[in-house]
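2 is the number of the first residue of the sequence shown in the numbering used here; add one for each residue after it.
Notes follow once the structure below has been shown.
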Amino acid sequence: MDMSKYRGMFLAESAEHLKNMNRLVVTLEGEPGNREVIDSLFREAHSIKGMAASMGYDRTAELAHHLEDLMDGFRKTGLVPPPVVDRLLAGVDLLEGLLADIEGEDPEREIAPFLGAAPQAVSTSAAPPVVALTPTLAPEKVVEIAVTEPAAGLRLLQIRIELAVDAAAPAARALLALRELGRLGLVQGCQPEEALLRQGLPVQKLEVRFESAAAVEEVQKTLAAMADIHRVTVDEVGDRATEGAGSRRDDGGRTVRVRTELLDRFINLTGELITTRYMLQAAAREERWSDTRAGLDLLARLISDLHGHVLQVRMTPLESITGRLPRLVRDLARKSGKEVRLRIEGEELELDRAILEELSDPLVHMVRNAIDHGIERAGEVLVRAWREKDLAVVEIADNGRGMDPDRIRRKALEKGLVSSAQLKLMRDRDLFQLVCLPGFSTAETVTETSGRGVGMDVVKSAVESLGGTLEILSEAGAGTRFQLKLPLSVAIIKVLLVRCAGRNMGLPITRVVRALEVAKEEVKSSGHQQVIALGEEMVPLVELGQFLGLPVGEPRITLPTVVTEVHGRKVGLLVDSLAGQREVFIKTLAFPLNRISGLSGATVLGDGSVIFIIDPQTLLSPGAEMSAKLKDGV
Numbered sequence: 002m003d004m005s006k007y008r009g010m011f012l013a014e015s016a017e018h019l020k021n022m023n024r025l026v027v028t029l030e031g032e033p034g035n036r037e038v039i040d041s042l043f044r045e046a047h048s049i050k051g052m053a054a055s056m057g058y059d060r061t062a063e064l065a066h067h068l069e070d071l072m073d074g075f076r077k078t079g080l081v082p083p084p085v086v087d088r089l090l091a092g093v094d095l096l097e098g099l100l101a102d103i104e105g106e107d108p109e110r111e112i113a114p115f116l117g118a119a120p121q122a123v124s125t126s127a128a129p130p131v132v133a134l135t136p137t138l139a140p141e142k143v144v145e146i147a148v149t150e151p152a153a154g155l156r157l158l159q160i161r162i163e164l165a166v167d168a169a170a171p172a173a174r175a176l177l178a179l180r181e182l183g184r185l186g187l188v189q190g191c192q193p194e195e196a197l198l199r200q201g202l203p204v205q206k207l208e209v210r211f212e213s214a215a216a217v218e219e220v221q222k223t224l225a226a227m228a229d230i231h232r233v234t235v236d237e238v239g240d241r242a243t244e245g246a247g248s249r250r251d252d253g254g255r256t257v258r259v260r261t262e263l264l265d266r267f268i269n270l271t272g273e274l275i276t277t278r279y280m281l282q283a284a285a286r287e288e289r290w291s292d293t294r295a296g297l298d299l300l301a302r303l304i305s306d307l308h309g310h311v312l313q314v315r316m317t318p319l320e321s322i323t324g325r326l327p328r329l330v331r332d333l334a335r336k337s338g339k340e341v342r343l344r345i346e347g348e349e350l351e352l353d354r355a356i357l358e359e360l361s362d363p364l365v366h367m368v369r370n371a372i373d374h375g376i377e378r379a380g381e382v383l384v385r386a387w388r389e390k391d392l393a394v395v396e397i398a399d400n401g402r403g404m405d406p407d408r409i410r411r412k413a414l415e416k417g418l419v420s421s422a423q424l425k426l427m428r429d430r431d432l433f434q435l436v437c438l439p440g441f442s443t444a445e446t447v448t449e450t451s452g453r454g455v456g457m458d459v460v461k462s463a464v465e466s467l468g469g470t471l472e473i474l475s476e477a478g479a480g481t482r483f484q485l486k487l488p489l490s491v492a493i494i495k496v497l498l499v500r501c502a503g504r505n506m507g508l509p510i511t512r513v514v515r516a517l518e519v520a521k522e523e524v525k526s527s528g529h530q531q532v533i534a535l536g537e538e539m540v541p542l543v544e545l546g547q548f549l550g551l552p553v554g555e556p557r558i559t560l561p562t563v564v565t566e567v568h569g570r571k572v573g574l575l576v577d578s579l580a581g582q583r584e585v586f587i588k589t590l591a592f593p594l595n596r597i598s599g600l601s602g603a604t605v606l607g608d609g610s611v612i613f614i615i616d617p618q619t620l621l622s623p624g625a626e627m628s629a630k631l632k633d634g635v
C-alpha cells in the first residue's frame, strides 16, 4: 500500500501534537506535580508514536516511544524534576527535526546520541542543554555577506519568504526552503543566518540572496509548493525597469481550514440569493414595486449575512501566534537569570489571518524587550487582548522598572532627534514614542536579547501598515504597557467619506478621532500655525489637499475638519465637506500608485466611482513625501 499520500496528513497532525507538547512542558516546569499535564503529555507522545509507526518512520516512533515511557514513569510518582523538563524540551526539538527530515524526504536523523544520554540527563541535578530550539536572541543583528557577481547565464535573485503564522516549526521550515533552493542554484546568503536557524531561532520572514540559472517562475513555484509557506516574492537584483511591474510574483496557492458548518451556511445563503434574484426579476417584470423593495431589503440582509460569514473564514484566534510565547519566555528567563512569569488573557480573540501574520514578529520583539529591559530580577509579563467596538486591542505589559522620561530626553538630545524647545512641549506619552525611532535605545549596555527601542521602529511600522496605532504607557517603578489597536479585518473596513478639492476620498474610521464643523472665529493662530481648541488641547490645522498636491477649494463659511492622531498628537485635516460613513471593500494599489505615501488602497462606491483611501498616519509622518501627485484621470 502506497503510504506517501498520507504523509501530509501525518505531518500536519504531528505538528499539532508537538505544538501542544511544547506548551505542556513549559506548564509542567511551573507545576511539576500536575498529573493532568503529565497525562496529557503522555497522550501526545503516544499519538505521535502510533502514527509514525504506522507510516514506517521508525526513528520518529522510537523517540516518541522514549518520551512516552519517560512520562509514564512520572505518572506514578507524580513529580517531574527540572532536568527531565529540559530533556523533554530537547526531545520535542529533536522530534521537530525528524518531521523536517520527513517533509524534505530526507533520511531521518540519528537519535542514538540523545537516547544514550538519557540516564545522565535524568539523574543529574544540572540541566542538560536544550538541543535545537533554544532561541538565539539576536535576530536584529545584521551580518555582512560577501556577494559574488553571477556568472554568465545565471540570475542573481533576492527572495523573500514569509512563513504561515501557524507554522509548527518555523526554523525547520526555513531550513527546508534553503535546502530546496540549494537544489536549484547557489544560496549566497540569508537573513537570519542559517546558523541561527539551525539553533531554532523563531522566524517569520526569510530573506535570501540566490544565484541560479533557473527561471524565476521555477524558483517561485518550487517554494510556493512547500507546506507552511504563506507568501514568496522573487526579485531579479538590479532589474529596475520591471520593478513593480512584474518582477514581484506572489504565490498563487493558499489553503485555509474552514469549519463544515460554515460551508453549509454558504450553500444555504447561495440558495437564498438565487431565490431572491428570481423574486426580484419577477417583481420588476410585473412592475410590483412594493415586492421589489421587499426583495431589495431581503437581498441587503443576505449580503450582510454573507459578508459576516466570509470574514469568519479569514478570522484566526490570537492563540495561533501566542502559542510559542511560553517556550520563548522560559528560555529568555533562563538565559538572563531572571524569574519571569507569563500571563496570557483573551487569546481566543479572533483577528484577520493577514493581520496575525504581520503581528507575530512585533509581538516577539515586545516580549523580549519586556524581559530584557523591563523586568529586573523577577516579574511578570502580561499579554492580553480584548475588543473595543471595531478594533482589537493587544497589550503587552510588564511590572518592571518602567521608562525614565529624563533618560529618554537626554538620549534624544544627544542623538539630535529633537530640540530642547520641542522637548519642553512634549508630554510623557509623546516622549515615549521616541523609542520607536530607528536605533533609539536608552540601554547602557547591549545584551543578546535587545535594548529598549531595538526593533520598536519595526513594530510601529508594522502596526501602522495594518491601519493600527501603537500607544506606550509607562510609570517609573510600575512597569510599561504597549497597546496595539488594530482593525479586526484588513479586507472590509469602515471609512469616513470626505470631499477634497473636488474629489471624493475615504479615511479609515480607525484613524478618525472625531469629525466636526469648525466656525472660522474658533480658529486661532500660534506663530504661523492655525489651531483650534479641543478641550485643553490645541490642535493644529492642515489642508488635506495641500498634502496631496491638490489645489485648495473655494473659501468656506465653516471648516469641515477631521481630527486624526499622528505619533500621539492630534491634527485637524481641513476638507471641503463631510459625507458620512461607509463600509467598503479595500482593493490594493498596483504600481506606480503603491509607491505614493499616504495612499493605502482604493474602493468602488455604489455609483461605480473609484475613490482612494487616505492613511493620515503615513501621509503626515515626518519625512513622508508624496512621490507623485493625484491628477485627473489617475
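No residue lacks a Cβ here, since even glycine has one placed at the ideal position from N, Cα and C.
Check: With burial defined as no fewer than 16 other Cβ atoms inside 10 Å of the residue's Cβ, what is the status of S712: buried or exposed?
Finding: Residue coverage of the chain in this structure runs from 2 to 635, which leaves residue 712 outside it and unanswerable.
Next item on the list: Take S610 and list the residues in its own chain whose beta-carbon comes closer than 8 Å to its own, dropping the five residues that flank it on each side.
Entry: N505
Notebook entry, point to check: Helix or strand or just coil, what does DSSP make of G338?
Noted result: Of the three classes helix, strand and coil, the one that applies to G338 here is coil, per DSSP.
Checklist line | Residue interval of the beta strand (DSSP E) (run including N505) | finding: R504 to P509 is the span of the beta strand (DSSP E), which, as asked, contains N505.
Next item on the list: List in chain order: all unbroken alpha helix (DSSP H) runs of 4+ residues lying wholly within the segment 485–556.
Entry: 545–548
Margin query: Within a Cβ cutoff of 8 Å, which residues of the same chain sit near L36, ignoring the five residues on either side of it in sequence?
Written below: Rather than Leu, the amino acid found at residue 36 in this sequence is Arg. So the qualifying residues of the chain are R76 and G79.
Next item on the list: Please classify P114: does DSSP put it in a helix, a strand, or coil?
Entry: helix
Next item on the list: Please determine, among D608, D292 and R266, the residue with the shortest C-alpha to C-alpha distance to L307.
Entry: R266
Notebook entry, point to check: Considering I615, what are the terminal residues of the beta strand (DSSP E) in which it resides?
Noted result: V611 to I615
Checklist line | Distance, L620 Cα to F548 Cα | finding: Between F548 and L620, the alpha-carbon positions lie close to 7 Å from each other.
Check: If you check the beta carbons only, do L207 and A175 fall under 7 Å apart?
Finding: yes
Check: Which runs of the alpha helix (DSSP H) spanning at least 4 residues fall entirely within the segment 304–362, listed in chain order?
Finding: With a minimum length of 4 residues, the continuous alpha helix (DSSP H) runs that stay inside the segment 304–362 are 320–323 and 326–337.
Check: Which term fits D298, buried or exposed, when burial requires 16 or more other beta carbons within 10 angstroms of its beta carbon?
Finding: exposed
Notebook entry, point to check: Roughly how many whole angstroms lie between the Cα atoms of K222 and V419?
Noted result: 48 Å
Check: How is P561 classed by DSSP in three states: helix, strand or coil?
Finding: Note: P561 maps to strand in three-state DSSP.
Next item on the list: Please go through the same chain and pick out, in chain order, the residues whose beta-carbon is closer than 7 Å to the beta-carbon of E32, but skip the five residues on each side of it.
Entry: V38.
Checklist line | Own chain, CB closer than 8 Å to L64, minus 5 neighbours either side, in chain order | finding: G92, L95, L96, L99, I112, F115 and L116
Notebook entry, point to check: Between which two residues does the alpha helix (DSSP H) carrying Q205 extend?
Noted result: Looking at the DSSP string, Q205 is not in any alpha helix (DSSP H), and its letter there is neither H nor E.
Next item on the list: Could you pull out every residue in the same chain whose Cβ sits closer than 6 Å to the Cβ of L89, ignoring the five residues on either side in sequence?
Entry: These residues qualify, in order along the chain: V26.
Check: Near G375, what residues of its chain come up, given a Cβ to Cβ distance below 6 Å and the 5 sequence neighbours on each side ignored?
Finding: D399, G401 and T481
Notebook entry, point to check: What separation, rounded to the nearest whole angstrom, lies between the Cα atoms of V188 and V499?
Noted result: Between V188 and V499, the C-alpha separation is close to 50 Å.
Margin query: Contact defined as beta carbons within less than 8 Å: I believe L350 pairs with R388. What is the distance between those atoms, to the nearest angstrom?
Written below: 6 Å
Item checked: Runs of alpha helix (DSSP H) lying entirely within the segment 51–87, each at least 4 residues, in chain order -> 59–78
Check: Whose C-beta lies closer than 6 Å to the C-beta of C437 among residues of the same chain, with five residues either side of it excluded?
Finding: Cβ within range, chain order: M457, D458 and K461.
Next item on the list: Give the range of the beta strand (DSSP E) segment to which G272 is assigned.
Entry: Where G272 is concerned, there is no enclosing beta strand (DSSP E), although the alpha helix (DSSP H) it sits in stretches over T261 to R286.
Next item on the list: Under the assumption that K317 contacts L352 (Cβ atoms under 8 Å), give the Cβ distance between them as a whole number of angstroms.
Entry: The residue you asked about is not Lys; residue 317 is Thr in the sequence shown. Taking a contact as a CB-CB distance under 8 Å, the pair T317 and L352 counts as one, their CB atoms being some 7 Å apart.
Next item on the list: Under 8 Å Cβ to Cβ from T243, same chain only, skipping five residues before and after it: list those, please.
Entry: In this predicted model, T243 has a pLDDT of only 32, less than 50, meaning its place in the structure is not dependable enough to derive any value.
Checklist line | alpha helix (DSSP H) segment containing G9, residue limits | finding: R8 to G31
Next item on the list: Report all residues from its chain with a CB closer than 7 Å to the CB of R180; omit the five preceding and five following residues, and keep chain order.
Entry: G105
Next item on the list: Could you name the residues of the same chain whose beta carbon sits closer than 7 Å to that of N21, not counting the 5 residues immediately before and after it, in chain order?
Entry: E45
Note to self: My output table needs one value for A175: the three-state DSSP class, helix, strand or coil.
What the structure shows: helix
Next item on the list: Compute the distance between the beta-carbons of A173 and A226, then report whether it is under 7 Å.
Entry: no
Check: Any C-beta of chain C sitting closer than 7 Å to the C-beta of E181?
Finding: Reference to chain C is not applicable here, since this structure consists of a single protein chain.
Notebook entry, point to check: When the Cα atoms are used, what is the spatial distance from H47 to F11?
Noted result: Taking the straight line from one Cα to the other gives about 14 Å.
Notebook entry, point to check: Once you ignore the five residues that flank A636 on each side, which residues in its own chain have a CB closer than 7 Å to its CB?
Noted result: Outside the displayed range of the chain (2 to 635) lies residue 636, so it cannot be described from this structure.
Check: Pick from V166, G380, P541 and L182: whose alpha carbon is nearest that of A479?
Finding: G380
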